[in-house]
Each structure stands twice: as structure tokens, then as C-alpha cells.
Amino acid sequence: MEEKVKSSLFSAVQPSGAVTIGNYIGAIRNFVKLQDEYNCIYAVADLHAITVRQEPAVLRRNTLELMALFLACGIDPKKCVLFVQSHVPAHCELAWVLNTISYPGELSRMTQFKDKSAKHAENVNMGLMDYPVLMAADILLYQAALVPVGADQKQHLELTRDLAIRFNNRYGQTFTVPDGYILKDSGARIMSLADPSKKMSKSDDNPNAFVTMGDDRDSILRKFKRAVTDSDSEIRYDPENKPGVSNLLTIYHAFTGKSLADSEREFAGKGYGEFKEAVGEAVADALAPIQAEKARLLADKAYINSIISEGDNAAFRMARKTLSKVYRKIGFYSGE
Ligand code: ATP
Ligand code: LTN
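Each residue of the sequence shown is one higher than the last, beginning at 9 in the working numbering.
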């Protein structure tokens, strides 16, 4: 049988705090799903994380924890390359080159830049503005055809495509122009439990707004019990008029695999209290085995380090190949 050459896929998560169920549903769950179909490369994006202030010891710990979480969620290091972004210098090197074809106007227009600048008004640094250029470098280095992310990253992916096309037009075919893999349903954007008009974010000041992958059963049940719904009592999927209830149905669907329609039927005629408890139970049940596996992995740091070191080496080689091509196209002297 003829073997089909697999396309490459790239994604990353920042080690900037406790990973939420929003990150899991919108992104990490899909990393696992796509690993047989693509050559997958997944990074812990520590270079991105320092665009907002990080406590060094916490950043170090979060990097290890995120790697353990990737593995615990079912990302198989035999099928995928798992590495730490700062261990592969080509990311910064390509970002520098891409900076020379990026314009301040397009970067300052990015929604995330505007949001994060407002949120961290005391630290609006160049890295925050350059964030999407570094993200483009991440993706383009691996000639990724597909990038699984949540809906909030769509604008950054469009910029990545623009930069790839701009570079290819100027210097000749160099980069694969990537497509986003963004869920079509509301799983692409899980909303805050405290305010369903905002996305669930791990950096929310209100810890009741998000559920992390590490929360214990009691906290999970408590947070869902407090989740904001609305004043009528119908359990119906209608994101426009019932954003809170619809968000809970989306989460229930994601963790149980039951369709939205089946879930609506299951809770027909029941009260919000019972519904919220069932969602909390479903999430706690689904997270328990992931949490146990993560704890088991963290007890064997040498194993995680060996996965990282293998991943770093593989990523380094792939990235170098693209970077050498870029340097050649630009006209950097190579001695030949
Ligand atoms: P912060 O919320 O602190 O700004 P973040 O969680 O958005 O950080 P990352 O950790 O880099 O930032 O996100 C990892 C992945 O999770 C990305 O693909 C992002 O699109 C996705 N993601 C983030 N929040 C959600 C959400 N609420 N719903 C669905 N996907 C999400
Ligand atoms: N900015 C992303 C994380 C990230 C990423 C990437 C995602 C960094 N580099 C490359 C996809 C591809 C975020 O989700 N906040």
C-alpha cells in the first residue's frame, strides 16, 4: 500500500498559569485527536509567556507542569514532538526576520494586544506587540499546514498567513501557508462562569470565573454551583439569549460526548441546581484520571526531562532546515 505523506501540524500553549478547561476544550483536546493524522509538533510557549510579568520560579514550575499535562491528556511522545520553545533558538531568529516585513499598524490593531495592554497598563512592552510575529515564526518554522487553536487566536493566524504570503511573494516559495483548526461549535470559545459575555481566561482575577485542569472535585462543584445563568429556568441551547446555560451545555457536551440535543432532553423540566451539579460532576469525573496521571508523571521528572530533550532535538533540526532556507533566500552570506 502506498503510504501517504502526513502534513505537519503545530500548536503551543503558554505556561502562564493553571490551564483551564477552556484551553482544554478549545485546544489541547484537539491536539490529542489530531495526533494520528498529522506530524504533530507541540510547544510550551515560554517565550510568549514573558510578554506579561512572570515570577521566575513559577514560570519554571509551570513549564514542567504543562509538559506533564500534555502527556497526561494523552499526547503520545512517540507520535508527536513535544518541546520547550526557548530551547530552540530558531524561533527568535525567524521572528527577527519576520519583524522586518511586519508593520506596527497591523500589530497594534490586534485585539489581544489591545486587551492585554489595557490589562497590563504598567507593562506595555515591545514583546506584547510583537507576540503574533513570534507566533508566526513558531508556525512557519515547521511548515505547518494546520494549527489547532481556540477562536481567540484566529486573528493571529490570519497575520501568520499574511506574513507567509508576503515573504513568499518577496523571496520565492519558502513557507507553507497554514490553516487554522478552530472548532465550529461554541467549544472554540468557552465563556467565563462568572460572566458569560467574557471568555474563560486563566488570568481572570476572579477564580470562580474559571475551572482549572487541576481543581479538586469540591472546587469544581462549588464553581459550577455558582455559575451565572439567567432568570428563567429553561435548559436550552441558545448562546444569544441564554449565554450562561449554553456555555454549561457546551462544557457538558465536551466532557461527556453527549450531543447538545441529547443533553437538552436529559435536563428537560429539571432545575438549574440539578443541572449545574450534573455538569460539575461530569467535569470532575473526566478530570480525575488526567489529574492522577499528571501526578504520576510529575513524580518522575527524569522521564519528562527525557521527553523534552528528545523533542528539543527533533524541533531544533526541523526548525534549522527552514531557517537555513530563509537565510539563503534573504541573501545572508554562508561562505559558499
Ligand atoms: P489568557 O487567558 O491568560 O490570556 P490563554 O489561555 O488565552 O491565556 P494560552 O494558554 O496560550 O492563552 O491558550 C492556549 C490555547 O487555549 C489557545 O489555542 C487558545 O486559543 C485556547 N483558549 C484559551 N482560552 C480559551 C477559551 N476560553 N475557550 C476555548 N479555547 C481557549
Ligand atoms: N498565542 C497562543 C499560544 C501560541 C501558539 C503558537 C498557538 C504560541 N505560539 C503557535 C498556535 C501556534 C495562545 O494560544 N495564546
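All C-beta atoms in this analysis are idealised placements derived from N, C-alpha and C, irrespective of residue type, glycine included.
On a predicted model such as this, the values are computed, not experimentally measured, just so you know.
Per DSSP, Phe-232 is one residue of the alpha helix (DSSP H) stretching across 225-234.
A direct Cα-to-Cα measurement between Thr-168 and Phe-91 gives close to 21 Å. Taking C-beta atoms under 8 Å as the contact rule, Asn-216 and Arg-197 fail to qualify, at a distance of about 19 Å. Counting along the chain, Tyr-50 sits inside no alpha helix (DSSP H); it lies in the beta strand (DSSP E) bounded by residues 47-52. In terms of Cα proximity to Pro-204, the closest of Ile-243, Lys-210 and Pro-247 is Pro-247. Distances from the CA of Ile-243 to each of Arg-230, Asn-176, Lys-284 and Asn-70 were compared; the closest alpha carbon is that of Lys-284. Around the CB of Lys-302, 16 or more other CB atoms lie within 10 Å, so the residue is classed as buried. The criterion of a C-beta distance shorter than 8 Å is satisfied by Tyr-260 and Ala-290. DSSP places Leu-201 outside both helix and strand once states are collapsed to three, so it counts as coil. Under the DSSP assignment, Leu-154 falls in the beta strand (DSSP E) whose first and last residues are 152-156.
Distance from the Cα of Gln-161 is smallest, within the candidate group Gly-339, Phe-121 and Ala-296, for Phe-121. Counting only runs of at least 3 residues, the segment 28-77 fully encloses the following beta strand (DSSP E) elements, listed from N- to C-terminal order: 47-52. In the structure shown, Lys-250 adopts coil according to DSSP, grouped into three states. An exposed status is given to Lys-127, since fewer than 16 other beta-carbon atoms sit within 10 Å of its beta-carbon.
The residue from Val-27, Asp-54 and Asp-84 with its alpha-carbon nearest to that of Asp-44 is Asp-84. Counting the other CB atoms within 10 Å of its CB gives Ile-190 a total of 16 or more, which places it among the buried residues.
Cβ-Cβ separation between Gly-339 and Lys-210: approximately 43 Å, too far for a contact (criterion under 8 Å). Distance from the C-beta of Lys-210 to the nearest heavy atom of the ligand ATP is below 7 Å.
In this chain, the beta strand (DSSP E) harbouring Asp-187 covers 187-189.
Listed as beta-bridge partners of Lys-207 by DSSP are Met-199.
The continuous beta strand (DSSP E) containing Cys-88 extends over residues 88-92.
Listed in chain order, the non-local C-beta contacts of Asp-212 below 6 Å within the same chain comprise Phe-218, local neighbours out to five positions each way being set aside. In its chain, beyond the 5 residues on either side, Cys-81, Gly-82 and Ile-83 have a beta carbon closer than 7 Å to the beta carbon of Val-40. Per DSSP, the continuous beta strand (DSSP E) segment holding Phe-18 begins and ends at 16-21. For Thr-220, the beta-bridge partners assigned by DSSP are Thr-28. In this model, Asp-270 and Arg-117 are separated by some 41 Å (Cα to Cα).
DSSP places Ser-194 in no alpha helix (DSSP H); its state is neither H nor E.
Assigned with DSSP and collapsed to three states, Val-105 falls in helix. Relative to the ligand ATP, even the nearest heavy atom lies 7 Å or more away from the CB of Arg-178. For Lys-309, the uninterrupted alpha helix (DSSP H) run begins and ends at 309-338, by DSSP. In this structure, Asp-146 has its beta carbon less than 7 Å from a heavy atom of the ligand LTN. With fewer than 16 other CB atoms across the displayed protein chains lying within 10 angstroms of its CB, Cys-100 is exposed.
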